[in-house]
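K.L.:
Protein chains in written order, with our numbering: chain A, 349 to 1055; chain B, 349 to 1055.
Ideal Cβ positions, reconstructed from N, Cα and C, are used throughout, including at glycine.
1) Going by C-alpha distance, which of A:607, A:540 and A:392 is nearest residue 907 of chain A?
2) Checking 8 Å against the spacing of the C-beta atoms, do residue 480 of chain B and residue 531 of chain B come in under that value?
3) Where does residue 657 of chain A land, buried or exposed, given buried means 16+ other C-beta within 10 angstroms?
4) Name the residues in the region 932-949 of chain B whose C-beta lies less than 7 Å from a C-beta of chain A; which are they?
5) Cutting at 7 Å between CB atoms, please list the residues of its own chain near residue 370 of chain B, excluding the five before and the five after it.
6) Could you tell me which uninterrupted alpha helix (DSSP H) segments, each at least 4 residues in length, are contained entirely in the region 902-948 of chain A, listed from first to last along the chain?
7) Based on the DSSP output, what are the partners of residue 590 of chain A in its beta bridges?
8) Using a threshold of 8 Å, state whether the C-beta atoms of residue 539 of chain A and residue 471 of chain A are closer than that.
9) Assign residue 515 of chain A to one of three DSSP states: helix, strand, or coil.
10) Give the DSSP-derived three-state secondary structure of residue 439 of chain A in the structure shown.
11) Report the residues of the region 554-583 of chain A with a CB closer than 8 Å to any CB of chain B, ordered along the chain.
12) Does any residue of chain B have a CB that is nearer than 8 Å to the CB of residue 817 of chain A?
13) Can you find the residues in the same chain that come closer than 8 Å, C-beta to C-beta, to residue 750 of chain A, ignoring five residues on each side of it along the sequence?
14) Distance check for residue 567 of chain B and residue 935 of chain B, CA to CA, integer angstroms please.
15) Specify, as a first and last residue, the run of the alpha helix (DSSP H) that residue 783 of chain A falls within.
16) Out of A:398, A:789 and A:1005, which one is the CA nearest neighbour of residue 675 of chain A?
17) Using a Cβ cut-off of 8 Å, which residues of the region 968-997 of chain A contact any Cβ in chain B, in chain order?
18) Would you say residue 732 of chain B lies against chain A (beta-carbon separation less than 8 Å)?
19) Measuring only the C-alpha atoms, how far is residue 969 of chain A from residue 395 of chain A?
20) Who pairs with residue 981 of chain A in a beta bridge, going by DSSP?
21) Going by DSSP, what residues sit across from residue 1018 of chain B in a beta bridge?
22) Name the DSSP beta bridge partners of residue 382 of chain A, please?
23) Give a yes or no on whether 8 Å exceeds the smallest Cβ distance from residue 640 of chain A to chain B.
24) So, is the C-beta of residue 507 of chain A closer than 8 Å to a C-beta in chain B?
25) Can you tell me whether residue 376 of chain B is buried or exposed, with buried defined as 16 or more other CB within 10 angstroms of its CB?
26) DSSP puts residue 476 of chain B in a beta bridge; with which residues?
27) Would residue 949 of chain A pass as a contact of residue 457 of chain A if the rule is Cβ separation under 8 Å?
28) Going along the chain, which residues of its own chain have a beta-carbon closer than 6 Å to the beta-carbon of residue 794 of chain A, five neighbours each way excluded?
29) Residues in the region 782-802 of chain A with C-beta within 7 Å of chain B's C-beta atoms, listed in sequence order?
30) Listing by chain order, which chain A residues have their CB less than 7 Å from the CB of residue 678 of chain B?
31) List, in order along the chain, the chain A residues whose C-beta lies closer than 7 Å to that of residue 780 of chain B?
32) Could one say the Cβ of residue 636 of chain B lies closer than 8 Å to chain C's Cβ atoms, at least one of them?
33) Taking only beta-carbon positions, decide if residue 682 of chain A is within less than 8 Å of chain B.
34) May I ask you to report which of helix, strand or coil DSSP gives residue 755 of chain A?
35) Whole angstroms are fine: how far does the CA of residue 994 of chain B sit from the CA of residue 430 of chain B?
36) Note down the Cα distance separating residue 372 of chain B from residue 433 of chain A, rounded to an integer number of angstroms.
Put into structure tokens, the structure is as follows:
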């Protein structure tokens, strides 16, 4: 799945803030282009299509960002947002309870009153992009080390606060593009009242399960519909994608607009080696163990299975992606080329005395910083980044403890995640009414504490402080069962009470978070003061060298901000033969074994006689996407929805490092299939009506004012 | 733990039959020397000790091999054998049952009548070594490919059969040393009536659990005593190690005799790359997932915990070792040196036209074979090598199906594991009365089938054949619950009935093994006909080049045959400071938290007032050992037992690839501590008496006749 997981971000950030510019021109169909950097000429040349500014503006305003790590699209005048089932999975699980499992049974709001608010989903619409490169460069001019980092973060927080003006409905992010070559300010309309309208059964949304994940041909109905509300009413929404009832066929030009999370195409060799030899192996080993643990946890009971489904899916999905990434990094052909390209580029830089003086040492300095990072990677991972600490209660406690310390500080000197501009999102998560399950919490804490002891060793002072004479399982039970943090009112009380309330709290999870905080801060400080500024400064230098030597004209690495990619619906060849680009509803019935994960739900079996079995179900295209693009619309040149991205093929997993136009494919649900299933299997007439309503009948004011 | 696991042998064999000769002279204290290749001059020079032939013969005859993958020593005139608790763990578990858990409670036979036979332990004593190099080389002269491999295997089976004369009490193995540079015939006395005499509680045997495994300082009483019987009576045993009641102190010269399983110190660069990039990552990922799965399986119930302890220990132990190996292979300094050494050696070979013609192409041909192996590695692992297929019932079924096909063939053309000389061992395992637990079996089969589907993909023909429309969990339940193979009589019936009985059996596990067999044979054949002979032939060539260029005088890579290493009791320095070489009983009480895995058993707490707390408990020495050395005696220059090897330190894990005398340490229980604990904690007077009885009172005939 192409989801971009918030939970695994902390570690990914470490390895991904170090990106540098590509040394190669983009291949055909390659690229995740910014909306203010659309490659009009390339697309015109390849496909004969000229994008106008109006087309680009409409596409931007009809696209949606799910702040938790996904993409979506506005698809009706009354605020309907289409995304993947797996992007709404945690909401669907949070709204379920024992005996009322919407993940298994699906969900459909027959009336507006039946639409239920998701506790933690935030939708953003990108209303403006402006350039702040000069401001940012001025703020850090002549600085190195800690002063560089402090100045940069402070300036970002200031720009963001000035932009939002403190309004909760405005979100402003300074986005680092080309690793500091450019800084853009992205201004969003922020929607936090987002309600669930429709989700099919998990059995069809994730048909084929982990075995079919990242595979093609595919037969998944991985869809959900949310609705954005404003002031308690469905959004009055003038900008949305219209629906293509026929959808696309082989060879059709397609665009994908969405939010690719991170790519690493432009890393230096030493940064790639760090991923290959340090961060990815650790992620694979830890993730695999957690996978086995949760797999067997599911056998405890039906309820245990239900409450751990999201985490199992998340772990399995990440693992499969990590395996694909590691396979690319272990491919000698890939690595040899990276080495040769870097060598050649460095030669060019060094051949010009000015460039050599300005940029020549950047690669060596980055390699030295990587070596320093390697030394603290394990303790950093297990303290500040809470590797494997998959406990909601611990996350809540840590947030409360940190907020008490950070919020009294001036905005610009806080940890970035608690800057004023981020507080609406922090509060939404912190005060979420999503249920907390003690059985799962205890199991996850026990696992996490065991792994921390293993990684740091039993004699490590942090481990001794954490465990005392307890076993991990004992301590986990004490912390979870004794905690009142599942109660949102109690969280609010601690939040409002600030440092005094934290000091006075006897909640064991709060006390544990207080106990663990100093070491976490120590390692974070070491990273932020000594390693991160070296990486940032020198990545900026390499970006500038790139501009100097080869000019602009390429796309920046992905940053979980809006991008557009172009391509076409097209099959490919692999060892087992040619793969056709479209699958049909009939194919799903052929693949059905009746047993999980290849069991179609009862609703499908019942509806089969009514269905046009030759209706397209899924398709693949050459669009360049990556995790975070989950839920992206696939549109045609008329900006009509022809599909819904939900995955890439197995060959696309190396796309983190390089795009291979021959076999790299995006995988989507087909717009004609969506209509067929919504109407004939689910009787979801309200949605079909929203999607296909004649737009000429509506007359809303355009969104221009907001820009 | 330094155990050499039989279960993980199949895959290790693939990567380890490819070893080639060292390009370097051995460092101080380095080496796992054969008993007929003892480095008398080196030891004399380093420690002033001259080993006589009589000393070496005595040491050889007093050493024991546990055929399942461990070492041991004869320590009394009445057949007492000392080894590790973790080497007898599966026996102790097999003799336990719900409510009578000897793993948790320990075991002590107060009288001879209380000694209980272990279902699957075979002890070997090495009575003779002879050289068969010429015979073996003659048999394969001028052959390549399949004919080479066939001729070699056939000749080995013939030599072994001639040697044993069909007697079940004689075991003969042709051992490939220096990767074909030499072939030796090892003749053993085989003992299959081996009874459990003593085992302490698991809590002290494995004090510190996985967190302390491969660590030092250490506080483990990882010991067990077995007794070898012959004709229903304790063995009349003239050759055994006497006991040193005081044991050793810092600086004392020590020898370790035991059976190191495999080392890879002499692999070519391409073979190491295969391990680093292909086999080890797969082992780490799969092992980690299995670890998580079994960890949570243990939470099902007390009984689930009990029946899965052996497998959890095995998996965790292997994983920690694999992690250490991978860390060494990912160390650029290690790999750069390997590359430089190989380059320099190849230059020397190529500088002599005769050598160049004879040996020059060997490295390239091995690299090509590795590339071929990489192509079939996954299906080979999941078919023939049954990666993760941790099911006893499946293993039994596969053995029965194979025996029905193989036994009617002439001895020399069978799969090597079913040659006549191996049949006593095969039968002991096949007809073992060890209990089979359906709950564990179902869980393991379900896991294994899931992993097979994942690795080969859901659309693979082997997977489709195996699963049909079942889910892995469903199929596992059908196979396990429907099978009668837990009944030893039924196994015997199928064994005696041969192919007809297999054909007629409706046992679902038998039918499943029949179904899976052809594909497993296909991949094995591809490996044995096309890859293995290339590796063997060219490894032989490199060995011969080594002899030609640098002469002999070094030790061969480990082969799970008897070796002797020399060294001294000595501490070391690491990041956290200097590590003293000895720990005391008092240290164990200091480390006790009362909680698993740091909880000393009640027997220790009760006996504490009686104990001399300054008695040495564990120590470390510079002896060069590796997995398989578990249970090896540590002896002094008078051939007295001063300790019992049970582990290496974390720095020793890279010892698979290179020995670092500065920090690589063997870890042992101290002989003085053993006596203190046996007498004061366990009141095991029978054992103390056996160990310390004045040998002059006994007058048994020497073993010479048997040689």
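P.N.:
For this structure:
1) Working through the first chain from its first residue, we reach residue 907 of chain A at position 559. Of the listed residues, the one whose Cα sits closest to residue 907 of chain A is A:607.
2) Mapped onto the second chain, residue 480 of chain B falls at position 132. Mapped onto the second chain, residue 531 of chain B falls at position 183. Yes; because the gap between Cβ atoms is below 8 Å, this pair is in contact.
3) Here residue 657 of chain A is taken as the residue at index 309 of the first chain, counted from 1. Under this definition residue 657 of chain A is a buried residue.
4) 941, 942, 943 and 944
5) As a working mapping, residue 370 of chain B is identified with position 22 in the second chain. With a pLDDT of 34 at residue 370 of chain B, under the threshold of 50, the modelled position of this residue cannot be trusted; read the value that follows with caution. Excluding positions up to five away in sequence, the list reads 613, 614 and 902.
6) 933-939
7) Taking the first residue of the first chain as position 1, residue 590 of chain A is located at position 242. According to DSSP, which records beta bridges pairwise, residue 590 of chain A is partnered with A:988.
8) For the purposes of this step, residue 539 of chain A is taken as the residue at position 191 of the first chain. For the purposes of this step, residue 471 of chain A is taken as the residue at position 123 of the first chain. Yes, these two residues count as a Cβ contact at 8 Å.
9) Here residue 515 of chain A corresponds to residue number 167 of the first chain, with the count starting at 1. Residue 515 of chain A falls in the coil class under three-state DSSP.
10) For this step, residue 439 of chain A is matched to residue 91 along the first chain. Reduced to three states, the DSSP call for residue 439 of chain A is helix.
11) 556, 558, 559, 560 and 563
12) One-based indexing of the first chain puts residue 817 of chain A at position 469. Residue 817 of chain A counts as touching chain B.
13) Here residue 750 of chain A corresponds to residue number 402 of the first chain, with the count starting at 1. These residues qualify, in order along the chain: 763, 766 and 865.
14) Here residue 935 of chain B is taken as the residue at index 587 of the second chain, counted from 1. Here residue 567 of chain B is taken as the residue at index 219 of the second chain, counted from 1. The straight-line gap from Cα to Cα measures roughly 7 Å.
15) Reading the first chain from its first residue, position 435 is the one you call residue 783 of chain A. Segment: none, residue 783 of chain A is in no alpha helix (DSSP H) and carries neither H nor E.
16) Counting from 1 along the first chain, the entry for residue 675 of chain A is found at position 327. Residue A:1005 is the option with its Cα nearest to residue 675 of chain A.
17) none
18) Along the second chain, read from residue 1 onward, the residue named residue 732 of chain B stands at position 384. No - not a single Cβ of chain A is within 8 Å of the one on residue 732 of chain B.
19) Within the first chain, residue 969 of chain A is the residue found at index 621, counting from 1. Within the first chain, residue 395 of chain A is the residue found at index 47, counting from 1. Each residue's Cα considered, the two are about 14 Å apart.
20) Locating residue 981 of chain A in the first chain gives position 633, where the first residue counts as 1. BP columns for residue 981 of chain A point to A:992.
21) In the second chain, residue 1018 of chain B corresponds to position 670, counting from 1. Residue 1018 of chain B is bridged to B:991.
22) Locating residue 382 of chain A in the first chain gives position 34, counting from the first residue. Bridge pairing for residue 382 of chain A: A:911 [DSSP].
23) Residue 640 of chain A sits at position 292 when you count from the first residue of the first chain. Cβ-Cβ to chain B under 8 Å: yes for residue 640 of chain A.
24) The count along the first chain starts at 1 and reaches residue 507 of chain A at position 159. Chain B contact via Cβ: absent.
25) As a working note, residue 376 of chain B is residue 28 in the second chain. So residue 376 of chain B counts as exposed.
26) As a first step, residue 476 of chain B is located in the second chain; it is residue number 128 there, counting from the start. Looking at the DSSP assignment, residue 476 of chain B forms a beta bridge with B:535.
27) Within the first chain, the letter at position 601 stands for residue 949 of chain A. Within the first chain, the letter at position 109 stands for residue 457 of chain A. Between residue 949 of chain A and residue 457 of chain A, the gap from beta carbon to beta carbon reaches 8 Å or more.
28) On the first chain, residue 794 of chain A is found 446 positions in, with the first residue counted as 1. So the qualifying residues of the chain are 820, 821 and 824.
29) 801 and 802
30) Locating residue 678 of chain B in the second chain gives position 330, where the first residue counts as 1. What residue 678 of chain B touches in chain A: 625.
31) Counting from 1 along the second chain, the entry for residue 780 of chain B is found at position 432. Chain A residues near residue 780 of chain B: none, gap ~27 Å exceeds 7 Å.
32) No chain C is present in this structure, whose protein chains are A and B.
33) Reading the first chain from its first residue, position 334 is the one you call residue 682 of chain A. Judged by the 8 Å Cβ criterion, residue 682 of chain A is not in contact with chain B.
34) Position 407 of the first chain holds residue 755 of chain A. Here residue 755 of chain A sits in coil by DSSP.
35) Numbered from 1 along the second chain, position 82 holds the residue referred to as residue 430 of chain B. Numbered from 1 along the second chain, position 646 holds the residue referred to as residue 994 of chain B. So the alpha carbons of these two residues sit roughly 12 Å apart.
36) Numbered from its first residue, the second chain carries residue 372 of chain B at position 24. Numbered from its first residue, the first chain carries residue 433 of chain A at position 85. Because the pLDDT at residue 372 of chain B is just 39, under 50, the model does not fix this residue reliably, and the point stays unresolved.
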